[in-house]
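Below is one structure, written out as structure tokens; the observations come after it.
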Amino acid sequence: MAHEHSSGLPAAYDRTPAKPTWSEVVFREDQIAQGAELNELQALERRRNRRVGNLIARDGDRISGADIVVDPETGAVGLAPGEIYIAGDVLPVAAASFTGVAMTGEVRIGVRLQRTVITEAEDPSLLGLHPGTESEGEPGAARIAKNLVWAIEGDAQAGEFAAVYLIKDGAVIDQTPPPALSGVLAVLSVYDKDANGNYIVDGCEVLPLGKSGPAQVFSIGAGTANIQGFKRIRESSIRHAETEAPDVESIAAEPHTFTGPDNGTATIAVSRPPIANVSSVIVVKRTTETVTRGPIAGGSDDLQFSSVVEIESIVYGGTTVPASAYALAGDAVSWAPGGTEPAANSTYSVTYLYNAAVTPDAATDTTVTVSGGVNNRPVLISYTSKLPRIDLLCMDITGRPAYVKGISARNGGLPPIAPSNLLKLAEVHNTWLGTPTVISNGTRNYTYDEQRRLFDRLITILDQFDRSESERDILAREPVSKKGIFTDTFVDDFYRDQGAPQTAAINQGVLQLAIDDVLTQLCGTSIMTLSYTEEIVVRQDKRTSSMKINPYDNFTVMPAGLKLAPAVDFWTEEQTQWTSPVTREFTAAPKQPPGRTTINEVTQIRRVNAVNLRQIPVTLSIEGFGAGENLATATFDGVSIKPAGTQTADAQGRITFTFTIPANIPVGRRLVRVTGAAGSFAQAIFVGEGTIDIATMRRVTLVARAAPTKKEPESSTPVSRNVAIINQITNPVVETREQGDGDPGRDPLAQTFTLPEPRHILGVNFRFTAIGDRSKGVRVQLARVANGFPTNEVLAEAFVNMQVPQVGDLVQARFDAPVFCPADREFCFVILTADATHAVAVSKLGDIDTATQTRVASQPYTVGVLLSSANRLTWTAHQDMDLHFQVVAAKFAPVTRAVDLWTGEFEDISDVLVRGAVEIPTDAARFRYELVRTSGQVIPLTPGQTWEFAEYVNEQVTLRAVFEGSETISPVLYPGTLLVGGRIRESGTYITRLFPMGSAVKVAALFAAFLPAGSTVTVECDGGNGSWQALTAAGSDVLGGGWIEPKYERASFTAAQGRVRITLAGGPGARIAIARLRAYSV
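Below you can see the structure in the form of structure tokens.
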């Protein structure tokens, strides 16, 4: 018979498993009661309790006790008694221990819920107890006992398994103390993540342990971290092994010199270690061969070996033949020159050198040992070299280690972008020469007490600075001492002779050849991801009735759409006469002499140069003005950009024109605003900065209709009262009139939803049940949710032109690009309009679904709820209603994609910089730029990375974007990728300020210098009159790392005050650098 009870007892029934919508049991007086009804009453109550309990906790949450102790050496695991939440109840569990637990890989330890059916056979006390009644001594209802036991996932024990602990390689991943209420923590996690992001509370230091087999092993210390708002506690360190997978570059025929004895052995250090594989070695060998002269006079005689490079001598008849009598012709001896020639068919001895491929005797990471060469002759080594790479060691939301690989680069490598779902613990600098360098620079939390101590320390430092203020002020005004000493650490251009033209660049403590930006190419005008198709991931298809979008009849002027192309610019202009600012952009971390600390940022408030937006053309597109409406105003940061004449919207309400960014507009976020003669308006944000965060990129590209504040600010710079840039909370405030004008606000509807897994949302489908004024469009926003209600943080929006839809149509509102939304977080879409009639389909509990003609017997969509508002700030929840909707996500295929962004000519380009904004949502996504040369060489670049060529490049190149992801995750490249080409100068000058000298004094200058082959430096002095006299080299000291410290002197020089000029010469293959200048007169 159907509906047997899960206990398996005969004559016991329960219909609730097949009836998920049942909520209550109603007993009637004139009907016979059934035992099944009592069973169902309990089942419904258990189901309700479990639903409520799951809002607060999840199966496996510890309520008290239940600690774990792991011995990784013996594989023993001890578990303490405690209480565990499971199946809507809190049950005790006794202590237990396991032996032989695997200490490699992942092992889940949890509890199993075991149910035991007890009848009067097992427990006679279940027989009827009351004397004298019919039930006395008779069997009655059975009992079910629940018991928790510790278990290992996959063991043979009976019962439903719920994981409590995850052990990875002998370490417990998370040991958060009880009570661990997952539902409560999930609510708190939203606030923690939004306010603080991912951060380390304590511990979690990363140490490199060296190589074990093919993998580098890292130790992640015990500690506490908050990831995506969830606290992860680990009481012991954990190891992570990452198999080495370096990228390699091919080095063809690298020239060296054989330094061993003839036909002996030489160990050669390669130029680009470490070596991955040696493909070929060619040495010069010497041989002596007996050759028979041919019958033709002046002819040639072939030699035995090929690739002959030189004939050293020929001996005929015991006499050495003059070199003028013969010549090398290919791999033969030519007697064409004439002179002493052996007779036909006679023999002679030839000693010659030839190139021969040999197998190396040995190879290390840095050297190759070869034999058989000739002393002081060339050796050509072809090999593959491992490219350095900076990676990230992170931690995911479960507490597991996650390794994020960067882009390999010989010079100028950058760490990869940390995915938003991971906590960065450390940077791993892989040189592939032994143990990598680990920099534990993860984001750490500072308590208020620690912040106070740092603040007090800052006050102490400021007090100490004040004590020497007078001295510092004198030195700043007069940077040389009265004893004729001049110093410059090349922090900025302040200590140069400000009145003398100079061309060398100063960059973070180094004087170098200047780099001019000769190419700035904007690439990509749209958001790019992996190719995708649409997939419905959340749906509520029932529809019983209609609900107006604007039920309170509050009207407003809907903002028009305004788009800028481009909306961002990664290149700025600094008002200065020096070449240093541009050069710094190409060389973010210049070469530094040993023992020197790199200067990352220099702030001199008194000497800040104005940094402005570039005056580039921008195309402005308006959509949503009234047909035939004239453009009244157009401003950029308060400066008019309206073209001359009259601009009128077409029948679709569109106006497009191009303007040039006005001069002297500071960098940052700048408001672009347009208004129409009939009251239409729109605004957008233009962002011009060296680096732009992803939240800002999403804001300026996906939210085109953020309406302005009620009153225009007095300043030309927009007041961000309604836009919190740090959190990108956008209040979509609109044009409002004073109370009594009949236009106080607007009335939206909202539907909340939760995704079952992280996805990129494309938009939402819904149906109109009534359409009013077709000239009034509908705006659909994707927004975040807090405490079950929509916030004003708009992630993206779409606009529905009401000229097209018909009543009953499934409207497809699509955003401009996929928007990443994590799982287990509540989001909503908000529908707004200024029309009083527009209505959409909804489903109400108890009503009839018009499409299927069935009654809606349960909440249509149990995860979310329908809400309405009169002002988009205060919301009313309709618990028995849901919108008829479909949430559409991107399904990516294939999971790799390469897109050509630009193809063009390089003309004398020596340096390349690529800037762009890329969103890496999870560690399943990877992104890189690639610069493809005519030769086929592919140069991988991360956003913001520079590349230095060893020569001036004159060829056609292609810049492309490479995407890698999965079926559900993709990197997102925002518009505005900027390719900047630089041209390094071949010379540069630097002139000091005047400093005291004297009569017939010795002038000396010394500095740290990096002088690669092909570069030179000259030093001169003058008396401030332009009559320069050279200083001569007077020895040098070796500093290490290719740096030396030369000294230059002039024995006798007369001038009351003088200057020193340094002239650098080099180029792309000889990038000279100077640091720590000291000059003096004696």
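Everything in the sequence shown is counted per the UniProt record's numbering, starting at 1 for the first residue and increasing by one. For each residue, glycine too, the CB sits at the ideal point set by N, CA and C. In this text the structure is predicted, and so the values were computed from the model without any measurement.
Buried versus exposed, by CB contacts within 10 Å (16 or more), Ala-66: Label assigned to Ala-66: buried.
Counterpart residues of Glu-929 in DSSP-defined beta bridges: Looking at the sequence shown, residue 929 is not Glu but Tyr. Answer is Leu-941, Ala-961.
Meets three-Cβ-pair contact criterion under 8 Å: the region 672–690 and the region 608–627: Contact between the region 672–690 and the region 608–627 is established, with three or more Cβ pairs separated by less than 8 Å.
Ser-720 classed as buried or exposed, judged by whether at least 16 other C-beta atoms fall within 10 angstroms: Note that Ser-720 scores a pLDDT of 28, beneath 50, so its modelled location is shaky; the value from the coordinates is reported in the next line. Its Cβ having fewer than 16 others within 10 Å, Ser-720 is exposed.
Of the listed residues Ser-334, Gly-624, Glu-40, Leu-127, nearest to Tyr-13 (C-alpha basis): When only C-alpha atoms are compared, the closest one is Glu-40.
Beta-carbon spacing of Val-914, Gln-937 below 8 Å: In this structure, Val-914 keeps its C-beta atom at 8 Å or more from the C-beta atom of Gln-937.
The alpha helix (DSSP H) enclosing Gln-42, as first and last residue numbers: Per DSSP, the continuous alpha helix (DSSP H) segment holding Gln-42 begins and ends at 35–56.
Beta-carbon proximity check, Leu-795 vs Ala-786, cutoff 8 Å: For Leu-795 and Ala-786, no; Cβs fall outside 8 Å.
Whole-angstrom distance between Gly-399 and Gly-1066, CA atom to CA atom: Taking the CA atoms as reference points, Gly-1066 sits about 51 Å from Gly-399.
Under the three-state DSSP convention, the category Pro-708 falls into: With a pLDDT of only 32 at Pro-708, under the threshold of 50, the placement of this residue in the model should not be trusted, and no figure is reported.
Same chain, Cβ closer than 6 Å to Leu-867, neighbours up to 5 away in sequence not counted: Cβ neighbours of Leu-867 beyond the five flanking positions: Ala-750, Trp-875, Ala-877.
Cα-Cα separation, Thr-1063 to Ser-1036: Spanning the two alpha carbons is a distance of roughly 18 Å.
Simplified DSSP assignment, three categories, for Lys-193: Under the three-state reduction of DSSP, Lys-193 is assigned to helix.
Expected contact under 8 Å - CB spacing of Val-368 and Val-278 to nearest Å: 6 Å between Cβ atoms; contact.
Residue range of the beta strand (DSSP E) that includes residue 1086: Because the chain here runs from 1 to 1082, residue 1086 falls outside it and cannot be looked at.
Residues of its chain near Asn-600, where Cβ-Cβ distance is below 6 Å and the 5 sequence neighbours each way are ignored: Note on Asn-600: pLDDT 35, under 50, position unreliable in the model; the coordinate value appears next. Contacts found: none.
Burial state of Phe-636 (16 or more Cβ within 10 Å): Looking at its Cβ environment, which holds 16 or more other Cβ atoms inside 10 Å, Phe-636 is buried.
CA nearest to the CA of Val-537, picked from Ala-889, Asp-169, Gly-53: Ranked by Cα distance from Val-537, the options Ala-889, Asp-169, Gly-53 are led by Ala-889.
Endpoints, the beta strand (DSSP E) within which Trp-1043 is located: Where Trp-1043 is concerned, the enclosing beta strand (DSSP E) stretches over 1043–1065.
Three-state class that DSSP yields for Tyr-316 in the structure shown: Three-state DSSP puts Tyr-316 in a strand.
Three-state secondary structure (DSSP) of Tyr-448: Looking at Tyr-448 - three-state DSSP - the assignment turns out to be helix.
Entirely enclosed beta strand (DSSP E) segments - the region 82–132, minimum 3 residues: Fully enclosed beta strand (DSSP E) runs of 3 or longer: 82–86, 89–93, 96–98, 106–118.
Beta-carbon contacts of Arg-444 that lie in its chain and below 6 Å, excluding the five residues immediately before and after: Result list for Arg-444: Ile-200, in chain order.
Neighbour flag for Glu-1045 against chain B, beta carbons, 8 Å: Although the question refers to chain B, the structure presented lacks it and comprises just one protein chain.
Alpha-carbon spacing of Met-881 relative to Thr-119, whole angstroms: One C-alpha to the other measures close to 45 Å.
Glu-160 classed as buried or exposed, judged by whether at least 16 other C-beta atoms fall within 10 angstroms: That one is exposed.
Beta carbon of Val-281 nearer than 8 Å to that of Val-358: Yes. Within cutoff.
Range of the contiguous beta strand (DSSP E) that encloses Glu-254: Counting along the chain, the beta strand (DSSP E) containing Glu-254 begins and ends at 248–257.
Sheet register partners of Ala-765 (DSSP bridge): For the sequence presented, residue 765 should be read as Asn rather than Ala. Answer is Gln-812, Gln-886, bridged to Asn-765.
Residue 1087 - partner residues in DSSP beta bridges: It is not possible to answer for residue 1087, since the shown part of the chain is limited to 1 through 1082.
Sheet register partners of Ser-212 (DSSP bridge): Paired residue(s): Ala-215.
Beta bridge counterpart(s) of Ile-167 as assigned by DSSP: DSSP, once it has assigned bridges, lists Val-107, Val-172 as partnering Ile-167.
Whole-number beta carbon distance between Ala-253 and Leu-380, since they are thought to touch under 8 Å: Between Ala-253 and Leu-380 the Cβ distance is about 4 Å, and since that is below 8 Å, they are a contact.
Selection from Gly-317, Val-667, Phe-766 that minimises the alpha carbon distance to Gly-808: Among Gly-317, Val-667, Phe-766, the Cα nearest to that of Gly-808 is on Phe-766.
C-alpha distance - Pro-758 paired with Ala-823, whole-angstrom precision: Straight-line Cα distance between these residues: approximately 5 Å.
Residues bridged to His-429 (per DSSP): When DSSP reads this structure, His-429 sits in a beta bridge with Ile-390, Thr-437.
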